[in-house]
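Numbering-wise (numbering that gives the first Met the number 0), the sequence shown opens with residue 0 and increments by one.
Just so you know, even glycine gets a beta-carbon here, dropped at the ideal spot from N, CA and C.
Keep in mind that this is a model prediction, so the values were computed, not measured.
All remarks here apply to the structure that follows.
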Amino acid sequence: MALTSPWTHRHLLGLEQLTAAEIVSLLDHADSFLPSCKDPGAKRTDLAGKSVVNLFFENSTRTRVSFGLAARRLGAEVIDFAVGGSSVSKGETFVDTARNIEALGIHMVVVRHSCPGTPHLLAQHLRAGVVNAGDGAHEHPTQGLLDLLTIRQRLGRIEGLTVALVGDIRHSRVARSNIHGLLKLGARVIVCGPPTLVPPEICAMGVEVAHDLDRILPECHVLNVLRIQFERQKGPNFPGVREYFHLYGVTKERLARARQGVLVLAPGPINRGVELTPEVADGPSSAVLDQVTNGLAVRMAVLDACVKAVG
Ligand code: NCD
0 MALTSPWTHR
10 HLLGLEQLTA
20 AEIVSLLDHA
30 DSFLPSCKDP
40 GAKRTDLAGK
50 SVVNLFFENS
60 TRTRVSFGLA
70 ARRLGAEVID
80 FAVGGSSVSK
90 GETFVDTARN
100 IEALGIHMVV
110 VRHSCPGTPH
120 LLAQHLRAGV
130 VNAGDGAHEH
140 PTQGLLDLLT
150 IRQRLGRIEG
160 LTVALVGDIR
170 HSRVARSNIH
180 GLLKLGARVI
190 VCGPPTLVPP
200 EICAMGVEVA
210 HDLDRILPEC
220 HVLNVLRIQF
230 ERQKGPNFPG
240 VREYFHLYGV
250 TKERLARARQ
260 GVLVLAPGPI
270 NRGVELTPEV
280 ADGPSSAVLD
290 QVTNGLAVRM
300 AVLDACVKAV
310 G
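Here you go:
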C-alpha cells in the first residue's frame, strides 16, 4: 500500500518535526489500513520478515497492545521487552540494552519512557527505526495522529475547527502532540484547565489559554478531555477531585450547553467521574472507542512507513 507522498523518515519521534503534508500522508495511509483493522482474520504480509521490539519502561495497556497488534497484523515478528526481568535492573545502560537488542536483527524499536528525549537518544545510536510511544510529558505522536484521524473521520475536516484540550495540560504529552498536529493542519487550539495545570509558556506554541470551560464550550467543535496525570503531580495542583470535576468535568449538562454536534475525545485511561461522566464517555458525542480502532490503523501506518524507510 503506497503512501500518498514520499515518507523518508526512519523514525517517528514527534509531530513537532513533521510537515502538514507528512502528517496528512500518514493519516491517509492509516485510512487505507482501517478495513483490515476491523477484520481480525485479515492477514497481511507488508512487514513479513521484519521484527519489531516493544520497549516499554512505563505502564501502558492500550498503546503497547495496539503497537504489538499492529505489527503482528502486518506479519512482523514482535518481541515484548519486559523491563522488570531485563538486564536494565542489573545496571546495564539504556543504550547498551537497546544496542544488544538491535544486534539480534531488530528493524523497529517502539519505546515508551518517563524521561523526555529517550526515543531521540535511541534514534542517535541505533540503525533500527525508532517510534516514540510516549516520552515523559513531551510527545506521544501516534496518539496525536489517532486523535487527528478520529476528528477528520467524524467531522470531515480539521482546518478551521476549534479544538479544546481540557485538563492536565502541564503533564500531558498527548496535549503537546495534539497541539503540533492540530495547528499544522489549520485548527484553532484552546487549552483549558486550572491555572496550576496550564503552564504559561504553552502560549508560545500558538494556542489560546482559557480557565473557564463553560465560557469556551459554545465555540468548540471538539473537546479532547485529558486525564489528570496523578502519577506525575509533584504537589497538590488543585484542591480536590470534587472541585476539579465541578469546574472541568464534562457532564451531560455541560454538553447540552456546547455547540451542537460537539465531538468528545479522551485518550484513555479515563478516570470516570473525574474528567468526564460515564454517560458522556459512553454517549453519542463520544468517539473514545473509535479512537482505539483508529490507533491500530495509525500504528500500522507508522510502522509500515518507517520500516520501508529503514529498507
Ligand atoms: C496516554 C499516555 O500514556 O500518555 N494514554 C495512552 O497512551 N493510552 C494518556 C494518559 O495516560 O492519560
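Residue interval of the beta strand (DSSP E) (run including residue i)
{"i": "C114", "result": "Note, C114: premise wrong, no beta strand (DSSP E); not H, not E."}
{"i": "I189", "result": "R187 to C191"}
{"i": "A163", "result": "T161 to V165"}
{"i": "F55", "result": "S50 to F55"}
Test item: CB-CB of residue i and residue j under 7 Å
{"i": "V306", "j": "L46", "result": "yes"}
{"i": "P217", "j": "R258", "result": "yes"}
{"i": "N131", "j": "P115", "result": "no"}
{"i": "E207", "j": "R175", "result": "no"}
{"i": "P268", "j": "V173", "result": "no"}
{"i": "V188", "j": "V165", "result": "no"}
{"i": "L121", "j": "V110", "result": "yes"}
{"i": "L144", "j": "L25", "result": "yes"}
{"i": "N58", "j": "L148", "result": "no"}
{"i": "V297", "j": "T141", "result": "yes"}
{"i": "H106", "j": "A308", "result": "no"}
Proximity to residue i [Cα-Cα], best of the options
{"i": "R71", "options": "F80, V82 and V52", "result": "V52"}
{"i": "H112", "options": "H106, E252, L103 and A97", "result": "A97"}
{"i": "E274", "options": "L254, V249 and A296", "result": "V249"}
{"i": "L264", "options": "V221, V23, I201 and G185", "result": "V221"}
{"i": "F237", "options": "A255, V197, L25 and R271", "result": "V197"}
{"i": "H28", "options": "V309, M299 and G272", "result": "M299"}
{"i": "D79", "options": "F93, R63 and V94", "result": "R63"}
{"i": "L181", "options": "G239, D146 and M107", "result": "D146"}
{"i": "P193", "options": "I178, E200, M204 and L212", "result": "L212"}
{"i": "A304", "options": "H179, G272, G128 and G74", "result": "G128"}
{"i": "A20", "options": "L154, D30, P5 and A75", "result": "P5"}
{"i": "V224", "options": "L68, G135 and C191", "result": "C191"}
{"i": "Y243", "options": "E158, T276, A203 and L103", "result": "T276"}
{"i": "R214", "options": "Y247, M204, Q228 and E230", "result": "Y247"}
Endpoints, alpha helix (DSSP H) assigned at residue i
{"i": "G13", "result": "G13 -> no alpha helix (DSSP H), and no H or E assigned at all."}
{"i": "D134", "result": "Taken as a continuous stretch (DSSP letters only), D134 belongs to no alpha helix (DSSP H), being part of the beta strand (DSSP E) at G128 to D134."}
{"i": "L264", "result": "Note, L264: premise wrong, no alpha helix (DSSP H); beta strand (DSSP E) at L262 to L264."}
{"i": "E230", "result": "No alpha helix (DSSP H) holds E230; DSSP gives it neither H nor E."}
{"i": "N177", "result": "R172 to K183"}
{"i": "V64", "result": "R61 to R72"}
{"i": "F32", "result": "A19 to C36"}
{"i": "F244", "result": "V240 to Y247"}
{"i": "E158", "result": "Counting along the chain, E158 falls outside any alpha helix (DSSP H), and DSSP gives it neither H nor E."}
{"i": "N99", "result": "F93 to E101"}
{"i": "L222", "result": "Counting along the chain, L222 falls outside any alpha helix (DSSP H), though it belongs to the beta strand (DSSP E) covering V221 to V224."}
{"i": "V279", "result": "P277 to A280"}
7 Å Cβ cutoff, residue i in contact with chain B
{"i": "L147", "result": "Included in the structure is just one protein chain, with no chain B present."}
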